[in-house]
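S.K.: The numbering of the sequence shown is numbering that gives the first Met the number 0, which starts it at 0 and goes up by one. First the structure, which I've put down as structure tokens, then a few questions once you've had a look.
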Amino acid sequence: MESWYVPITIVPGVGLLLMSTSNLLGALSNEIKGLITEHFDYENLLQRKLKQLKLINYAMVFLYVSVACFVLSGLIAGLYESTHIMGDDLPVYFSVMGIISCLTALILLILFSFKAVKIKQDQFRR
């Protein structure tokens, strides 16, 4: 595997996703905190936003797993290239796991976005 560094080059892109997702998480947490402190009849809205919070937390976990898989893939491939101790197909498995994990996170973020739009529309209708 001559291009052992390829999986590691994906890490900055996933890092940007993590950064924007953590910003979304912070904004959503502040919004939930505001709803709780107002003590109005926002129980339904609060439950929906807590479900959103769970989605975004799962997405972040999958993004972190993805980064770990890509880094391990590059590290194992680099070690194989210099020592030839391990099998050369192991990095491919970690890369595939990283891709699947990142794809799962993206699907969760898409679901989050659809739900966020629906919640905002319902808020404006009141």
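Even for Gly, the Cβ is constructed at its ideal location relative to N, Cα and C.
For the alpha helix (DSSP H) containing I127, list its first residue and its last residue.
M.R.: Only positions 0 to 125 of the chain appear in the structure, and residue 127 is not among them; the question remains open.
S.K.: What is the residue span of the alpha helix (DSSP H) that Y63 lies within?
M.R.: Residues E42 to T82.
S.K.: Roughly how many angstroms lie between the CA atoms of E80 and L105, to the nearest whole one?
M.R.: Distance between the alpha carbons of E80 and L105: 32 Å.
S.K.: How would you label K48, buried or exposed, when you count the other beta carbons within 10 angstroms and need 16 or more for buried?
M.R.: K48 should be labelled buried.
S.K.: Let me check understanding here. Comparing Cα to Cα, which of L45, A26 and S21 lies closest to L34?
M.R.: Considering only alpha carbons, the answer is L45.
S.K.: Between which two residues does the alpha helix (DSSP H) holding I35 run?
M.R.: Note, I35: alpha helix (DSSP H), V10 to E37.
S.K.: At the level of alpha carbons, what is the spacing between F111 and E30?
M.R.: Rounded to whole angstroms, F111 to E30 spans 15 Å at the Cα level.
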